[in-house]
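In UniProt numbering, the protein residues as written are 1 to 158.
Have a look at this one:
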């Protein structure tokens, strides 16, 4: 399953930008579980990110080429057979979520206390609106606008 969206953005200033977004849930066997790339070309700069290749590369006879990312979660034991993935950012992000949920459940914090550090509903509303507008555009075969209120928050899709 692959979806490609051709998006036109218009900023409050009136400037216009165009984006081509492709997402896939199925991939052939390759050096990483999923290719995660981002490229943004602007009028005076460009940004290229290859998120999938943050780790290192290994090539083995009979296994092939692999890009390892031990910084996420290292699932292979150390030389003593001990689990050592708890220092990876993937493990830490799960740990931080559980800590936040516990604080909310125990009344020591409110969900909105975590809007700036965790992907809460409030902090992901913009991305959710983009994904929903893309889905509606594909389903309804038409452009879908994301409308904002005076504070710059997503108000509705049109």
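Built from N, CA and C at the ideal position, the CB exists for glycine as well. None of the values given here were measured: they were computed from a predicted structure.
Nearest to residue 23 by alpha carbon, out of 12, 52, 15, 36?
Start at 1 with the first residue of the chain shown, and residue 23 comes out as number 23. Distance from the Cα of residue 23 is smallest, within the candidate group 12, 52, 15, 36, for 36.
Can you say whether residue 108 is buried or exposed, counting buried as having 16 or more other CB atoms within 10 angstroms of its CB?
Residue numbering aside, residue 108 sits at position 108 when the chain shown is read from its first letter. The residue in question, residue 108, is exposed, as its Cβ has fewer than 16 Cβ neighbours within 10 Å.
Identify the continuous alpha helix (DSSP H) that holds residue 166 and give its terminal residues.
Because the chain here runs from 1 to 158, residue 166 falls outside it and cannot be looked at.
Assuming residue 50 is part of the beta strand (DSSP E), what are its boundary residues?
Indexing the chain shown from 1 puts residue 50 at position 50. Start and end: 46 to 50.
Please look up how many angstroms separate the CB atoms of residue 114 and residue 133, rounded, as I've assumed it's under 8 Å.
To locate residue 114, count along the chain shown from 1; it is residue 114. To locate residue 133, count along the chain shown from 1; it is residue 133. Actually they are not in contact, since the Cβ atoms of residue 114 and residue 133 sit about 26 Å apart, beyond 8 Å.
If you follow the beta strand (DSSP E) that residue 24 is part of, which residue opens it and which one closes it?
What you label residue 24 is simply residue 24 of the chain shown in a count that begins at 1. Element bounds for residue 24: 16 to 24.
Residue from 146, 85, 18, 153 whose Cα sits closest to the Cα of residue 123
Counted from its first residue, the chain shown places residue 123 at position 123. Relative to the Cα of residue 123, the nearest Cα in the group 146, 85, 18, 153 belongs to 153.
Between the Cα of residue 40 and the Cα atoms of 52, 20, 26, which residue gives the shortest distance?
As a working mapping, residue 40 is identified with position 40 in the chain shown. When only C-alpha atoms are compared, the closest one is 20.
For residue 62 and residue 73, believed in contact at Cβ under 8 Å, the rounded distance
Numbered from 1 along the chain shown, position 73 holds the residue referred to as residue 73. Numbered from 1 along the chain shown, position 62 holds the residue referred to as residue 62. 25 Å between Cβ atoms; not a contact.
Between residue 128 and residue 51, what straight-line distance do the alpha-carbon atoms span, to the nearest angstrom?
If you number the chain shown from 1, residue 128 lands on position 128. If you number the chain shown from 1, residue 51 lands on position 51. Separation of residue 128 and residue 51 (C-alpha to C-alpha, rounded to the nearest whole angstrom) is 21 Å.
Compute every distance between the C-beta of residue 46 and the non-hydrogen atoms of the ligand MN, then say whether any falls below 7 Å.
This structure lacks the ligand MN; in fact it carries no ligand of any kind.
Quick one: grab the DSSP three-state call for residue 60.
In the chain shown, counting from the first residue as 1, residue 60 sits at position 60. Residue 60 falls in the strand class under three-state DSSP.
Output yes or no for whether 8 Å exceeds the beta carbon distance between residue 158 and residue 147.
The residue you call residue 158 lines up with position 158 of the chain shown. The residue you call residue 147 lines up with position 147 of the chain shown. Closer than 8 Å, so yes.
Which word fits residue 125, buried or exposed, when buried means at least 16 other C-beta atoms lie within 10 angstroms of its C-beta?
Within the chain shown, numbered from 1, the residue matching residue 125 stands at position 125. It is exposed - the Cβ of residue 125 has fewer than 16 other Cβ atoms within 10 Å.
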